[in-house]
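Visitor: If you read the sequence shown in the working numbering, its first letter stands for residue 79, the second for the next number, and so on.
Quick reminder that beta carbons are idealized off the backbone N, C-alpha and C, glycines included.
I'd like to ask some things about the structure below.
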Amino acid sequence: MGTGLVGIILLLTVSQCVLAAFCQSFFYHRYASHRHCTMSAGAERGFFILTWIALGPGYMTVWVYAVMHRLHHKHSDTDDDPHPAHLGIFGMLRGMVAANLAISQGKYAYLPGNEPIRDAVRRLPRWDWFERIAASYWMRAAWAFLYFGVYWVLGLGGWWYGLLVLNVFMGPIHGFAINYFGHFLGYRNHETNDTSTNIGSRILPYWMKVLLSLLLGGEEKHNNHHDKQGRPNFAHTADEVDTTFAAMRLLDRLGIIRLRPSPAS
Ligand SMILES: [Zn+2]
Ligand SMILES: [Zn+2]
Numbered sequence: 079m080g081t082g083l084v085g086i087i088l089l090l091t092v093s094q095c096v097l098a099a100f101c102q103s104f105f106y107h108r109y110a111s112h113r114h115c116t117m118s119a120g121a122e123r124g125f126f127i128l129t130w131i132a133l134g135p136g137y138m139t140v141w142v143y144a145v146m147h148r149l150h151h152k153h154s155d156t157d158d159d160p161h162p163a164h165l166g167i168f169g170m171l172r173g174m175v176a177a178n179l180a181i182s183q184g185k186y187a188y189l190p191g192n193e194p195i196r197d198a199v200r201r202l203p204r205w206d207w208f209e210r211i212a213a214s215y216w217m218r219a220a221w222a223f224l225y226f227g228v229y230w231v232l233g234l235g236g237w238w239y240g241l242l243v244l245n246v247f248m249g250p251i252h253g254f255a256i257n258y259f260g261h262f263l264g265y266r267n268h269e270t271n272d273t274s275t276n277i278g279s280r281i282l283p284y285w286m287k288v289l290l291s292l293l294l295g296g297e298e299k300h301n302n303h304h305d306k307q308g309r310p311n312f313a314h315t316a317d318e319v320d321t322t323f324a325a326m327r328l329l330d331r332l333g334i335i336r337l338r339p340s341p342a343s
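Okay, here's the thing in structure tokens:
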């Protein structure tokens, strides 16, 4: 097997990682969960499809993500947190799966501010028939089979098949990385009443900060975001980088989205 072939697969995997991180941060988090911007119905459908392509087997129904995320902000670091990092890796994973199922099955009744979830869901981005297919088990299996087929056709052998774990679980890996490491690893700009941190370090060279932001979608500045949830730019100091917000500014200039005015908090 040639090094060129390995290079292509690695490049494709890194590209998938960057696109998946952007879609999670931009579409699920900043658009659906926090409404940092608006867009037309046509553009919204386009981002549904792009997110499905980027996440493949890890696609998560958008309104379920948004509800889960708002509950995280409300209950951070308590036993009601849908991704309770304080319970350790396995406790958090168990919590995430349980919360996902409970929200999908309508077992949570209220969002922060005592807004009934039933009412909130009506206002969240939805494309019901599309998402039923995208989040179905057979579609997830089809994606995994497709990735395997690409490796097989290209003739990758042996241990390289291990990269499939990244391809298949890219979405959950991102979710885990932010919600676990973003609650104990890194530095804090703000004294919030939770354990949120900005993953990384101030002393990293600028190019490393850009790379980290591309790989994690800017979400690594989790403490900044917990402190100012309404602010679409997660970089709060001059030496911080938020590549997803840079892309959002470009999309705004192109007229594809409209950024909302940034509030103070
Ligand atoms: Zn958090
Ligand atoms: Zn948030």
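(1) Please list, in chain order, all residues with a C-beta atom less than 7 Å from at least one heavy atom of ligand 1.
(2) Apart from the five residues just before and just after LEU332, which ones in its own chain have a Cβ nearer than 6 Å to its Cβ?
(3) Which whole-angstrom value describes the C-beta separation of ASN257 and TYR265, a residue pair presumed to lie in contact below a C-beta threshold of 8 Å?
(4) Please go through the same chain and pick out, in chain order, the residues whose beta-carbon is closer than 6 Å to the beta-carbon of LYS287, but skip the five residues on each side of it.
(5) Pick from VAL243, LYS299, ALA99, TRP216: whose alpha carbon is nearest that of ASN345?
(6) Within the same chain, show all residues whose beta-carbon is closer than 6 Å to that of LEU294, passing over the 5 residues directly before and after it, in chain order.
(7) Exposed or buried, which one is TYR109 when buried takes at least 16 other CB atoms within 10 Å?
(8) Determine the direct distance from the alpha carbon of ARG204 to that of LEU165, and round the result to whole angstroms.
(9) Check the DSSP bridge columns for ASN276 and list the partner residues they point to.
(10) Buried or exposed: ALA219, going by 16 or more other Cβ atoms within 10 Å of its Cβ?
(11) Can you grab the Cα-Cα spacing for the pair LEU77 / ALA198, in whole Å?
(12) Between the C-alpha atoms of ALA324 and ILE251, what's the straight-line distance to the nearest angstrom?
(13) Which runs of the beta strand (DSSP E), 3 residues or longer, sit entirely within the segment 115 to 161?
(14) Does the Cβ-Cβ distance between ASN301 and HIS314 come in under 7 Å?
(15) To the nearest angstrom, report how far apart GLY134 and THR270 are at their CA atoms.
(16) Determine which residues share a DSSP beta bridge with ARG336 and list them.
(17) Could you tell me the alpha carbon to alpha carbon distance between ALA180 and THR81, rounded to whole angstroms?
(18) When DSSP labels each residue in this structure, what does PRO250 get in the three-state scheme?
(19) Quick one: give me the first and last residue of the alpha helix (DSSP H) that PHE226 is part of.
(20) For PRO310, which beta-bridge partners are listed by DSSP?
(21) Below 6 Å CB to CB, which residues in the same chain sit around ASP155 once its five sequence neighbours on both sides are set aside?
Guide: Reading it off the structure:
(1) Per the Cβ criterion, the list is HIS150, SER154, ASN257, GLY260, HIS261, ASP272, SER274, HIS300, HIS304.
(2) Nothing listed; no residue qualifies.
(3) About 18 Å; that fails the 8 Å criterion.
(4) Counting only residues of its own chain and dropping the five nearest sequence neighbours on each side, LYS287 has a CB closer than 6 Å to the CB of VAL319.
(5) It is not possible to answer for residue 345, since the shown part of the chain is limited to 79 through 343.
(6) Here LEU294 has ALA99 as same chain residues with Cβ atoms under 6 Å from its own Cβ, once five neighbours each way along the sequence are excluded.
(7) Classified as buried, TYR109 has 16 or more neighbouring CB atoms from the shown chains inside 10 Å of its CB.
(8) Cα to Cα, the separation comes out at about 32 Å.
(9) DSSP lists TYR265, LYS299 as the bridge partner or partners of ASN276.
(10) So ALA219 ends up on the exposed side.
(11) Because residue 77 is not part of the residues shown, which for the chain are 79 to 343, the question remains open.
(12) A straight-line Cα-Cα distance of about 23 Å links ALA324 and ILE251.
(13) For the segment 115 to 161, whole beta strand (DSSP E) runs of length 3 or above, ordered along the chain, are 115 to 117.
(14) Cβ atoms of ASN301 and HIS314: not closer than 7 Å.
(15) The alpha-carbon atoms of GLY134 and THR270 are separated by roughly 35 Å.
(16) Note: ARG336 is bridge-paired with THR116 in the DSSP secondary-structure output.
(17) Distance between the alpha carbons of ALA180 and THR81 is about 46 Å.
(18) Helix, per DSSP.
(19) Note, PHE226: alpha helix (DSSP H), 215 to 232.
(20) According to DSSP, which records beta bridges pairwise, PRO310 is partnered with nothing at all.
(21) Closer than 6 Å at the Cβ level, and outside the excluded window around ASP155, lie HIS164, ASP272, THR273.
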